[in-house]
Structure formats: C-alpha cells, structure tokens
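To convert, count from 1 in the sequence shown and add 39; that's the numbering used here. We put the CB at the ideal spot given by N, CA and C, even for glycine. Report on the structure given below.
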Amino acid sequence: MEHIAAVLLLIGCSDDMAHCQELPAPTAIFESAEECDAEVNPALLDLSGRFPQVMAKCVAVDPAMEEEDAELVWNLQPDGTLYAAVEVPDVMVATAAKQDRYVGQE
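Below, the structure written as structure tokens:
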C-alpha cells in the first residue's frame with residue numbers, strides 16, 4: 040500500500056489578497072516532501088499570469104491518517120504567510136435520549 044507523504048497546495052489570490060481560492064495542482068499527492076518541493080516552482084510558473092498573486096506550499100501528511108477522514112485546511116495569515124495543514128476534524132456524535140414516558144402515559 041502506498042503512503043502519502045506530501046500534498047501540494049496552490050492558492051490564487053487577488054492583488055490585495057482579499058479573495059483567495061484553492062487551485063488544482065498538476066500533481067497533488069507525492070510520496071516524499073522532496074518530490075513535492077521539486078514541483079513547487081514549475082507549478083507557480085504555470086499559474087503565473089492567471090492570478091495576481093499565487094502561493095504554493097507542500098503540506099506534510101502523516102501516513103497514519105490514511106484511514107481517517109482527514110482534510111486539507113488552509114488560511115492566509117495577516118502577515119501574508121500561508122498556513123496549511125492536514126487535519127482530522129472533530130467528530131460530534133448525536134444520540135437521541137430514550138424517553139421513559141409516552142403520550143397517553145402518566
């Protein structure tokens with residue numbers, strides 16, 4: 040079974056960085072961080088001119104997360120840096136409480 044070691048995240052933004060969106064990567068998943076790092080510059084060059092601002096980041100993935108419902112989350116920080124991580128969302132389980140009384144019972 041193949042393990043994922045890095046994900047390439049590409050973000051395109053407006054000039055003022057007020058509006059940003061995730062962009063599709065030519066290759067999104069890599070077996071090593073080094074392979075991902077090697078694709079950052081070609082991906083940025085390919086996207087230059089399509090968006091005023093383009094950012095890329097290789098995000099490490101823990102192979103132990105393979106069976107979990109992990110998601111890639113990102114946020115542009117106030118200083119202009121890109122935060123990105125693969126996280127497992129908290130799961131809230133709702134259950135119905137058993138009712139001891141039914142309509143018509145007292």
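Pro128 and Val112 have their alpha carbons spaced roughly 10 angstroms apart.
Counting C-beta pairs closer than 8 angstroms gives three or more between the region 80 to 88 and the region 46 to 64, which meets the contact rule.
For Val112, the three-state secondary structure derived from DSSP is strand. Under the three-state reduction of DSSP output, Ala67 falls in the coil class, being neither helix nor strand. Only buried fits Ala95, as 16 or more other CB atoms lie within 10 angstroms of its CB.
Using a C-beta cut-off of 8 angstroms, the region 48 to 65 makes contact with the region 113 to 122, since at least three inter-stretch Cβ pairs fall below that distance. In the structure shown, Ala57 falls within a coil segment according to DSSP collapsed to helix, strand and coil.
In summary, Glu126 is exposed, with fewer than 16 beta-carbon neighbours lying within 10 Å of its beta-carbon over all protein chains present. Ser87 has its alpha-carbon roughly 21 angstroms from the corresponding atom of Ile68. A distance below 8 angstroms between beta-carbons, with the five flanking residues on each side excluded, links Ser71 to the following residues of its chain, in chain order: Ala44 and Ala45.
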